[in-house]
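Protein chains in written order, with the numbering used here: chain D, 5 to 215; chain U, 5 to 215.
One structure below.
Number of protein chains: 2
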Amino acid sequence: MQIAFLFYEEMTALDAVGPHEILCRLPGAKVWRVAKSPGPIHTDSGQVLTADYALSEVVQADILLIPGAGNATTLRDHPETLAWIRAIHATTTWTTSVCTGSLILGAAGLLTGLKATTHWAALDRLRIWGAEPIPARIVEAGKVITAAGVSAGIDMALTLAAKIAGQDVAEMLQLGIEYDPEPPFDAGSPSKAKPALLRKLQTRLLAAFEK
Amino acid sequence: MQIAFLFYEEMTALDAVGPHEILCRLPGAKVWRVAKSPGPIHTDSGQVLTADYALSEVVQADILLIPGAGNATTLRDHPETLAWIRAIHATTTWTTSVCTGSLILGAAGLLTGLKATTHWAALDRLRIWGAEPIPARIVEAGKVITAAGVSAGIDMALTLAAKIAGQDVAEMLQLGIEYDPEPPFDAGSPSKAKPALLRKLQTRLLAAFEK
């Protein structure tokens, strides 16, 4: 079970670290954290992750996971990385994304004609790549699974763990990270947020996406 | 607003990265990722985080956060780190932990006589340090806030964000990471897990805690 996480500068750490905490504990899992160059990866929250492998060192994966970034255009003009994503996708059982990672799958040409999701503030942008935006936590389209913003990667990874290793294994992984969420407020999606806060954050995020 | 995250070898990445994604975006936040030595930190899932500062470089913090580890005894015998935790605690507005990070607070002598929580499988161990174990997602005891296992750090960070910056700011942070959890199963706490899976995982985790 070979699992490749794409790492890149300015990615969002939690998009990768949430699913990583689950998927790396699947029976027989071997995880590669892959980037253009191995070494430090500066995320958009200031903390520094580490890539272990260069793109050229990884030519196959059972699972591919693409995290998102506050600036959703980060990888749009990186032909080498997009070509790697297409090549790995041709070998995967599951190709997945978290948050605006789906816009990177889109830029790689892998979402044409598919239903997909992304961070709520970027949902319309899926149309640029010929995808049909679905405002859901997780969207499955054949072997392509896209998740909504940041924290949705945890739900996606548990869903994927059950498909791969069965529900009992997935439930043990859930129990292991004590994932029994109790958010102190119920404001985590556009339909639940206060309209004024939603507008304020949307304006700020759209500016970041386009910087 | 100075926020210090203690990093250490074999810590659990998500314990820190979940709250980090929220707290680093508080207005005016300055985050220090602090370890015995600055540089790469190998976490218990194989991925490598990075500490920016040595313990000796950080002498004060408004918020201190101690993540946990699969091996809960990791820092018990590190007098230098425990002394640093005590010294920083003396300066904090909030001293916090995620998962078995509370056992480190306990080893530092900071939980004597206090209610506290930790990962469900380690709950009894709080008594070793004179704390009263509470099986809750988040436990507040004066300025000490302890959270349950791994993913509970996200709930704790949002609770803390509201105390510091008000509920509207905290709700925007929740919306920013689209934290509207939809776990695919309801098995994330001991009271909800299948008894056979609970026993199996408990046996495995207790062995890890004591290794």
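Built from N, CA and C at the ideal position, the CB exists for glycine as well.
Rounded to the nearest angstrom, the gap between the Cα atoms of leucine 201 of chain D and proline 194 of chain D is 10 angstroms.
At a cut-off of 8 angstroms, the C-beta of arginine 129 of chain U has no neighbouring C-beta in chain D. Chain U has a Cβ within less than 8 angstroms of the Cβ of serine 193 of chain D. Close CB contacts of alanine 73 of chain D within its chain, under the 7 angstroms cut and outside five residues either way in sequence, are with Glu14, Met15, Thr16, Asp48, Thr104 (chain order).
In the DSSP annotation of this structure, phenylalanine 11 of chain D is not part of any beta strand (DSSP E), being labelled neither H nor E. With respect to glutamate 186 of chain D, histidine 123 of chain U sits apart: the two C-beta atoms are not nearer than 8 angstroms. Taking the C-beta atoms as reference points, aspartate 19 of chain U is found nearer than 8 angstroms to proline 71 of chain U. Annotated three-state conformation of glutamate 136 of chain D is strand, per DSSP.
With a 10 Å radius around the Cβ and a threshold of 16 neighbouring Cβ atoms, lysine 40 of chain D comes out buried.
The shortest CA-to-CA distance from arginine 131 of chain D to any of D:Ile158, D:Ser106, D:Val52, D:Ala169 is the one to D:Ser106. In the pairwise beta carbon analysis, the region 110-129 of chain D is classified as touching the region 147-154 of chain D: at least three pairs are separated by under 8 angstroms. Here the alpha carbon of alanine 55 of chain D sits roughly 6 angstroms from the alpha carbon of phenylalanine 11 of chain D. Annotation note: the region 34-107 of chain U contains the following uninterrupted beta strand (DSSP E) runs of length 3 or greater, listed N- to C-terminal: 34-39, 43-46, 52-55, 67-70, 98-101. Assignment of lysine 204 of chain D by DSSP, reduced to helix, strand and coil, places it in the helix class. For valine 148 of chain U, the enclosing beta strand (DSSP E) stretches over residues 148-151. A distance of 8 angstroms or more separates the beta carbons of cysteine 28 of chain D and valine 38 of chain D.
Alanine 152 of chain D and leucine 68 of chain D do not touch by the CB rule: their CB atoms are close to 18 angstroms apart, not below 8 angstroms. Taking all protein chains shown into account, valine 63 of chain U has fewer than 16 neighbouring C-beta atoms within 10 Å of its C-beta and is therefore exposed. Between the C-alpha atoms of isoleucine 108 of chain U and serine 155 of chain U there is a straight-line separation of about 18 angstroms.
Valine 102 of chain U and glycine 157 of chain U have their C-alpha atoms spaced approximately 5 angstroms apart. Take the alpha-carbon of aspartate 128 of chain U and the one of isoleucine 138 of chain U: they are about 9 angstroms apart. For methionine 5 of chain D, the closest Cβ of chain U is not nearer than 8 angstroms.
In this structure, the straight-line span from the alpha carbon of phenylalanine 189 of chain D to that of alanine 169 of chain U is close to 14 angstroms. Using a Cβ-Cβ cut-off of 8 angstroms, tryptophan 124 of chain U counts as an interface residue toward chain D, since at least one Cβ of chain D sits closer than that to its own.
Per DSSP, the continuous alpha helix (DSSP H) segment holding glutamate 25 of chain U begins and ends at 17-27. D:Lys198 is the residue among D:Val173, D:Thr163, D:Lys198, D:Glu61 whose C-alpha sits nearest the C-alpha of glycine 180 of chain U. Within the same chain, Asp66 come within 6 angstroms of threonine 97 of chain D by CB-CB distance, once the 5 residues on both sides are set aside. Between the C-alpha atoms of tryptophan 133 of chain U and arginine 208 of chain U there is a straight-line separation of about 23 angstroms.
Among the residues of chain U, those whose CB is under 7 angstroms from the CB of aspartate 172 of chain D are Leu201, following chain order. For glycine 32 of chain D, the closest alpha carbon among the candidates D:Ala58, D:Val173, D:Ala212, D:Ala191 is that of D:Val173. Residues are counted here when their Cβ sits less than 8 angstroms from a Cβ of chain D; for the region 86-107 of chain U these are Cys103, given in chain order.
Take the alpha-carbon of glutamate 136 of chain U and the one of glutamine 51 of chain U: they are about 33 angstroms apart. Interface annotation, alanine 211 of chain D: not in contact with chain U, CB-CB separation never under 8 angstroms.
Pairing lysine 196 of chain U with glycine 192 of chain D, the inter-Cα distance amounts to about 24 angstroms. Under the criterion of beta carbons closer than 8 angstroms, methionine 176 of chain D and leucine 162 of chain U do not qualify as touching, at roughly 26 angstroms.
Contact note: threonine 163 of chain U reaches chain D through Pro188, using a C-beta cutoff of 7 angstroms and chain order.
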